[in-house]
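In what follows, a single structure is set out as structure tokens and then discussed.
Protein chains: 2
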Amino acid sequence: MTNAFAALGDPVRAEIVEKLAGRPMAVGELAALLPVTRPAVSQHLKVLKEARLVRDRADGTRRVYSIDPAGLGPIREWLDRHWDAALAAFAAEAEKEGP
Amino acid sequence: MTNAFAALGDPVRAEIVEKLAGRPMAVGELAALLPVTRPAVSQHLKVLKEARLVRDRADGTRRVYSIDPAGLGPIREWLDRHWDAALAAFAAEAEKEGP
DNA sequence: TTTATTGGTAAGTTACAACTAACGGTTAGC
DNA sequence: GCTAACCGTTAGTTGTAACTTACCAATAAA
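Protein chains in written order, with the working numbering: chain A, 5 to 103; chain B, 5 to 103.
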């Protein structure tokens, strides 16, 4: 789960996700829009794929990548869970001060 | 904004956030619960503070850290925005195939 | 079959993040 | 004023992530 955060923590990978959010794209297509080489993009896509943030399907010699909606779940769960806890703790501290 | 993701991408920092979500704590207190030294915790807290994920207040010689709820906003906005776009793009692709 | 297109992988380099040890600064208590 | 407790910062080391170049595999087209 912290894997997904680390994956999105890299600016290039975040940009890849933003591009793919617009529409599915092939590797070379992505590389043409980014300031890095195609192999670099390929390596980033591998990280994103392992984090369940993107999917890929074959199309001839091309590989079309798209967002994997399944990866979002754990992230949002984690955020909601701990921030709710933080707010509860904050309220509890305030309660101690005075009504 | 990708700063916040990078901050949460480190497992030690994620654990710090989890502990602070339970209740505000001092630096030494945190260090006693973690597998790293106190200076390391201090450096991690600096990163989390720059990412607006924690706040600190002075209490004598101690520094008490707590979650900063303000840091969550941009993260959730980013997630919602791009995943909504991804789902829309996904639906648009499906539409092209056949009704 | 040969040639071109498209991608993943390997090797090697470089920059940076994470850590510890040592030091200095600030507040509390005697 | 002196001592102790608590914390941030600096210096230095080490592991690893990100990148490019070069190479190999697979499919499409001629």
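Idealized CB from N, CA, C, for every residue including glycine.
Does DSSP put residue i in a helix, a strand or coil?
i        : result
A:PRO103 : Confidence in A:PRO103 is poor, its pLDDT being 44 and thus under 50, which makes the residue's placement unreliable; the coordinate value appears in the next sentence. Looking at A:PRO103 - three-state DSSP - the assignment turns out to be coil, as it is neither helix nor strand.
A:ASP60  : strand
A:ALA30  : strand
A:ALA11  : helix
A:ALA55  : coil
Got a sec? Which residues, its chain only, sit under 7 angstroms from residue i by beta carbon, not counting five neighbours each side?
i        : result
A:GLU101 : Only weak support exists for where A:GLU101 lies, its pLDDT of 49 falling under 50; the value from the coordinates is given anyway. Once the five neighbours on either side are set aside, A:GLU101 has no close Cβ partner at all.
If I follow the unbroken alpha helix (DSSP H) through residue i, where does it start and stop?
i       : result
B:ARG3  : Shown here, chain B extends from 5 to 103; a query on residue 3 of chain B therefore has no answer.
A:VAL40 : Element bounds for A:VAL40: n/a, residue is neither H nor E.
Less than 7 angstroms separating the Cβ of residue i from some heavy atom of the ligand NAD?
i       : result
A:ALA44 : With respect to small molecules bound, the structure shown includes none, and the ligand NAD cannot be examined in it.
Apart from the five residues just before and just after residue i, which ones in its own chain have a Cβ nearer than 8 angstroms to its Cβ?
i       : result
B:ARG17 : ALA11, HIS48, VAL51 and LEU52
B:PHE9  : ILE79
A:TRP82 : MET5
Among the residues of its own chain, which have a CB less than 6 angstroms from the CB of residue i, if the five just before and after it don't count?
i       : result
B:ARG61 : VAL68
Mind listing which residues of the region 44-67 of chain A have their C-beta closer than 9 angstroms to chain B's C-betas, in chain order? none
Short-range partners of chain A found in the region 21-43 of chain B, where Cβ spacing is below 9 angstroms: VAL21, GLU22, LEU24, ALA25, GLY26, ARG27 and PRO28
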